Amino acid sequence: DTAVSQTPKYLVTQMGNDKSIKCEQNLGHDTMYWYKQDSKKFLKIMFSYNNKELIINETVPNRFSPKSPDKAHLNLHINSLELGDSAVYFCASSPFLYQETQYFGPGTRLLVL
Amino acid sequence: GQQVMQIPQYQHVQEGEDFTTYCNSSTTLSNIQWYKQRPGGHPVFLIQLVKSGEVKKQKRLTFQFGEAKKNSSLHITATQTTDVGTYFCAGQNGNKLVFGAGTILRVKS
Numbered sequence: 017d018t019a020v021s022q023t024p025k026y027l028v029t030q031m032g033n034d035k036s037i038k039c040e041q042n043l044g045h046d047t048m049y050w051y052k053q054d055s056k057k058f059l060k061i062m063f064s065y066n067n068k069e070l071i072i073n074e075t076v077p078n079r080f081s082p083k084s085p086d087k088a089h090l091n092l093h094i095n096s097l098e099l100g101d102s103a104v105y106f107c108a109s110s111p112f113l114y115q116e117t118q119y120f121g122p123g124t125r126l127l128v129l
Numbered sequence: 010g011q012q013v014m015q016i017p018q019y020q021h022v023q024e025g026e027d028f029t030t031y032c033n034s035s036t037t038l039s040n041i042q043w044y045k046q047r048p049g050g051h052p053v054f055l056i057q058l059v060k061s062g063e064v065k066k067q068k069r070l071t072f073q074f075g076e077a078k079k080n081s082s083l084h085i086t087a088t089q090t091t092d093v094g095t096y097f098c099a100g101q102n103g104n105k106l107v108f109g110a111g112t113i114l115r116v117k118s
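Same order as they appear, the protein sequences are chains A and B.
Heads up: the first sequence begins at 17 in my numbering, then just goes up one per residue.
Heads up: the second sequence begins at 10 in my numbering, then just goes up one per residue.
Now the structure itself:
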């Protein structure tokens, strides 16, 4: 069974649209994260949640809104998509908030046209 | 804020040659982690170093944590084509884990 799963794997959409990416982990971890990886491979944290509570919110446009219905799920909704949002988005989880070893999902490749 | 610098950005080596990537933090770290991302894949945790001066080995990979806990290195002996990918260090300070920019390794056979 996949430990951290994301859907969809690929997402191609037009500028201005709204889209969501879903993430689920079956590892029993308390903490989940969203990362953005740009074309130069730079990994930048966007959000972290611990037991459904927002812990870290880096400087991310408010068009990005994470939602954690329970500690096994962390979804990412993006409003009014822009060309610069094209990237690979990785979900990750770790056992506890201060145990930061990350287990990454397979990634969602977003292309905004 | 905390910064983690990683060099080199790219490295092309001939199969059988050694490879090293270096990581430097602007602040003292509680631990440093290393990840490998294969082309088209996702980052996979390799190892965590916690103690000052710590050295750990995984087969042909040797990881070091500096005495001041501000720098680290990953050395691969006798690279193989299966080693290709991007290697990231990630330094933890408090509740933040900051990734380096990664070193892309290409191995020519």
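Ideal Cβ positions, reconstructed from N, Cα and C, are used throughout, including at glycine.
None of these values were measured; they are calculated from a predicted model.
For the region 50-62 of chain B, the set of positions with a beta-carbon nearer than 8 Å to some beta-carbon of chain A reads Gly50, His51, Pro52, Val53, Phe54 and Gln57 in chain order. At least one beta carbon of chain B lies nearer than 8 Å to the beta carbon of Lys57(A). Assignment of Leu99(A) by DSSP, reduced to helix, strand and coil, places it in the helix class.
Beta bridge pairing from DSSP links Pro52(B) with no other residue. Remark: C-beta atoms of Gly94(B) and Leu114(B) approach each other more closely than 8 Å. Comparing C-alpha distances from Pro52(B) to each of Lys105(B), Gly111(B), Lys117(B) and Ser118(B) shows the shortest one belongs to Gly111(B). In the DSSP assignment, the residues bridged to Leu83(B) are Thr30(B) and Phe72(B). Proximity to Thr47(A) across Leu127(A), Leu113(A) and Thr124(A) peaks at Leu113(A), based on C-alpha coordinates. In its chain, beyond the 5 residues on either side, Gln11 and Asn102 have a beta carbon closer than 6 Å to the beta carbon of Thr36(B). According to the DSSP secondary-structure assignment, Ser109(A) is paired through a beta bridge with Met48(A) and Tyr119(A). Exposure of Tyr19(B) is indicated by the presence of fewer than 16 other C-beta atoms within 10 angstroms of its C-beta. A check of alpha carbon separations from Ala87(B) across Gln23(B), Ile16(B), Phe97(B) and Gln15(B) identifies Gln23(B) as the nearest.
Going by DSSP, Ala99(B) is part of the beta strand (DSSP E) stretching over Gly94 to Asn102.
In the structure shown, the three-state DSSP call for Thr112(B) is strand. Chain B has no Cβ within less than 8 Å of the Cβ of Gly44(A). The C-beta of Tyr119(A) comes closer than 8 Å to at least one C-beta of chain B. The way I'd put it, the region 24-31 of chain B doesn't touch the region 94-107 of chain A; fewer than three beta-carbon pairs between them come closer than 8 Å. Taking a Cβ-Cβ threshold of 9 Å, the residues of chain B close to Pro122(A) are Gly50 and His51, in chain order. Considering only beta carbons, the part of the region 83-109 of chain A lying closer than 7 Å to chain B consists of Phe106, in chain order.
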